[in-house]
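Undergrad: Please read through the structure below; I'll follow up with questions.
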Amino acid sequence: MSSVDNAQQQLIAYLRTPLAIRERCDRIFTLATADQLQYFRCNLTKLEQVANYVIEVMQQHYPDFQIPFHSRWRHFEVGNVPRLQELDQKLAGFTPLQKAQTKFDLVIISVLLDAGAGSNWQYHEPETGLVFRRSEGLAVASFRMFCQGAFSSDPDLPWQVDAKGLQSLSAHDLAQGFQVSQTNPLIGIEGRLALLQRLGKAMVSLPQMFGKVNPRPGNLVNYLVNYLVNYQLLDKLQVTKGLHDSNFNLESCQDNQSWVKPLTDLQPLQEQPATCQPANLQPAKLQPATCELANLLSATNLFSTVLEGLGDIWPKRESIAGVNLGDVWQHSALKGDNYGSEYVPFHKLSQWLTYSLLEPLQELGLEITELDQLTSLAEYRNGGLCLDLGLLEVKDSAILQQSHLPSSEVIIEWRALTVSLLDQIAATIRQQLNLSATELPLVKVLQGGTWTAGRRIATQLRPGGSSPIQIDSDGTVF
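Residue numbers (the numbering used here): -7 to 470.
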């Protein structure tokens, strides 16, 4: 980023942190509580009612409260079909590292295809005869395409995603895989295809993260393991056998002072009063991990890796000095004296992907820390829950009758308030159940949880369970 000055670099780095998401959304929330937003107001007297509704859903779906993470892996099991068992059987001869790489390939491609499908699309699974819609339908369709080798350029290695396979994918291929027709339309098919093709291009341009010989999303596992273990715990993690990617440098793994490409541990840029200059944000190399701590991975560092690796694949909406910001938008009410104060980051798909990468890493032997540093997902199920149960109120009913672009301040306010309110809902639920944030982290509240509760109330209120606010989506946001 040689053309980016220091202030711009600081702002870009800040907007890529979970802290920025939470702080900027909380600023929108503060305006809402003072009734200073144009489109929404909050009715916090409904907070306990919403929390109780979510608890009821949790008790129904997880009576023992053994709640898994909110991730794409839950959707692969829809209909009580053991698809993950089917996948594990296919991977029976793989090493632990190869299994993790394959699961990264699958879940990354599936999450990127997971933006809203619309209410008129469905997927008929030939293997079971079952029909699925919306996010679960997209999950099953992408799972079947993956198993059929749709994203691989090598017929002998069908269960992978590689750059060449993505770049050669056509709209016809994707439409066929998702069973799209005039009578079965899928929102944003061209946008989804472009996203996958940009991923293929990005992987080629980042060989240090995705590999040189055969760039693929799964090589992020190598990148993380190289960084994390500081090259001392390969035997403990059982990944030394079958390291087939030439970019996984075992010689460098034996050098405590060398790094293949270290993650950047960004010290967050705290929000400052309008009269203050932004705090200095300097990237700092993580210190070599000790043998005892080398299998610890913070969720925030994983999130940073996702944003670093996938930052260039998103459509260029907002940018700073030519750097694509991704799922970041401007709200006029936040504009102040501080440089960049008007930007509101969400990074919904990137956080959804981060949550979905946790389980393959845990299976590999890594321990995930700082889970609650990530935020809730700024999407229509969580936002719909708040709106449908009266925690959020629109100031003009016409908002509910119109379709809105993701860049509109209606949608920006709705998404920001969703992030802040989900923190409060989670805290209220923990208080009601006498559980700590460690015992019931936000990622489990989402799964238990708010997402399912949002769908349930939507189904009760509207045919097909559609969003209370219509979004003019291109298939690349949420």
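Built from N, CA and C at the ideal position, the CB exists for glycine as well.
Note that the structure is predicted; figures quoted are calculated from it, not measured.
Is DSSP giving N176 helix, strand or coil here?
TA: Translated into the one-based positions of the sequence shown, residue 176 becomes position 184. Looking at N176 - three-state DSSP - the assignment turns out to be strand.
Undergrad: Taking the alpha-carbon positions, what's the F138 to K38 distance?
TA: Taking the sequence shown and counting its residues from 1, one reaches residue 138 at position 146. Taking the sequence shown and counting its residues from 1, one reaches residue 38 at position 46. Between F138 and K38, the C-alpha separation is close to 43 Å.
Undergrad: Does W306 come out as helix, strand or coil in the three-state DSSP assignment?
TA: As a working note, residue 306 is residue 314 in the sequence shown. Three-state DSSP puts W306 in coil, outside helix and strand.
Undergrad: Return the Cβ separation of Y331 and G108 in integer angstroms, given the expectation that the two are a contact with Cβ distance under 8 Å.
TA: Here residue 331 refers to the residue found at position 339 of the sequence shown. Here residue 108 refers to the residue found at position 116 of the sequence shown. Y331 to G108, Cβ: 33 Å. No contact.
Undergrad: Alpha carbons only, please: which of L438, L409, V402 and E401 is nearest the one belonging to A418?
TA: Walking along the sequence shown from the start, residue 418 turns up at place 426. When each option's Cα is compared against that of A418, the closest is L438.
Undergrad: So, for V92: in the same chain, excluding its five sequence neighbours on each side, which residues have a beta-carbon less than 6 Å away from its beta-carbon?
TA: Working through the sequence shown from its first residue, we reach residue 92 at position 100. According to the sequence as given, residue 92 is Ala; it is not Val. Hits under 6 Å: V213, P352 and L356.
Undergrad: Could you give the first and the last residue of the continuous beta strand (DSSP E) run that contains L289?
TA: The count along the sequence shown starts at 1 and reaches residue 289 at position 297. Unbroken beta strand (DSSP E) run through L289: L288 to S290.
Undergrad: By DSSP, does Y223 sit in helix, in strand, or in coil?
TA: One-based indexing of the sequence shown puts residue 223 at position 231. Confidence in Y223 is poor, its pLDDT being 40 and thus under 50, which makes the residue's placement too unreliable to answer from.
Undergrad: By Cβ distance below 7 Å, which residues in the same chain neighbour L349 in space, the five residues on each side in sequence not counted?
TA: For the purposes of this step, residue 349 is taken as residue 357 along the sequence shown, with counting starting at 1. Excluding sequence neighbours, L349 sits near F96, V99 and L294.
Undergrad: Excluding the 5 residues flanking E40 on each side, which residues of the same chain have their C-beta closer than 7 Å to its C-beta?
TA: Start at 1 with the first residue of the sequence shown, and residue 40 comes out as number 48. Around E40: T420.
Undergrad: Does the beta-carbon of L397 have 16 or more other beta-carbons within 10 angstroms, so that it is buried, or is it exposed?
TA: Here residue 397 refers to the residue found at position 405 of the sequence shown. Exposed: under 16 other Cβ atoms inside 10 Å.
Undergrad: Can you say whether K327 is buried or exposed, counting buried as having 16 or more other CB atoms within 10 angstroms of its CB?
TA: Taking the first residue of the sequence shown as 1, we reach residue 327 at position 335. That one is exposed.
Undergrad: Spell out a yes or no on whether the stretch 192 to 210 and the stretch 148 to 158 are touching, meaning 3 or more CB-CB pairs, one atom from each, closer than 8 Å.
TA: Taking 8 Å as the limit for Cβ pairs, the verdict is that the stretch 148 to 158 does touch the stretch 192 to 210.
Undergrad: Spatial neighbours of I305 within its chain, please: C-beta separation below 7 Å, excluding the five flanking residues on both sides.
TA: For the purposes of this step, residue 305 is taken as residue 313 along the sequence shown, with counting starting at 1. Excluding positions up to five away in sequence, the list reads L187, R190, L191 and A194.
Undergrad: What are the partner residues of S395, as DSSP defines its beta bridges?
TA: Position 403 of the sequence shown, counting from 1, holds the residue named residue 395. Its beta-bridge partners are Q462.
Undergrad: Can you give me the Cβ contacts of V(-4) inside the same chain, cut-off strictly under 6 Å, excluding the 5 residues immediately before and after it?
TA: In the sequence shown, the residue the question calls residue -4 occupies position 4. Excluding positions up to five away in sequence, the list reads A313.
Undergrad: For V103 versus W344, is the C-beta spacing smaller than 7 Å?
TA: Indexing the sequence shown from 1 puts residue 103 at position 111. Indexing the sequence shown from 1 puts residue 344 at position 352. Yes, they are a contact pair.
Undergrad: If we count the other Cβ atoms within 10 Å of its Cβ and call it buried at 16 or more, is A276 buried or exposed?
TA: On the sequence shown, position 284 is the one that residue 276 refers to. Residue confidence for A276 is low, a pLDDT of 30 falling below 50, so the modelled location carries little weight and cannot support an answer.
Undergrad: Tell me the DSSP secondary structure of W113 in three-state form.
TA: Here residue 113 corresponds to residue number 121 of the sequence shown, with the count starting at 1. If DSSP states are grouped into helix, strand and coil, W113 belongs with coil.
Undergrad: With 16 as the cutoff for other CB atoms within 10 Å, does T430 come out buried or exposed?
TA: Taking the first residue of the sequence shown as 1, we reach residue 430 at position 438. Classification for T430: exposed.
Undergrad: Suppose contacts are defined by Cβ-Cβ distances below 7 Å. Is T361 in contact with S296 by that definition?
TA: Stepping through the sequence shown from its first residue, residue 361 is reached at position 369. Stepping through the sequence shown from its first residue, residue 296 is reached at position 304. Against a cut-off of 7 Å, the Cβ pair of S296 and T361 comes out as no contact.
Undergrad: Quick one: grab the DSSP three-state call for W321.
TA: As a position in the sequence shown, residue 321 is number 329, starting the count at 1. The answer is strand: DSSP assigns W321 an E or B state.
Undergrad: Assuming R33 is part of the beta strand (DSSP E), what are its boundary residues?
TA: Counting from one through the sequence shown, the residue named residue 33 turns up at place 41. It spans F32 to C34 - the beta strand (DSSP E) in which R33 sits, taken as one unbroken run.
Undergrad: Between the stretch 65 to 76 and the stretch 111 to 122, can you find at least three pairs of beta-carbon atoms closer than 8 Å?
TA: The stretch 111 to 122 is in contact with the stretch 65 to 76.
Undergrad: For E119, name the three-state secondary structure that DSSP assigns.
TA: On the sequence shown, position 127 is the one that residue 119 refers to. Of the three classes helix, strand and coil, the one that applies to E119 here is coil, per DSSP.
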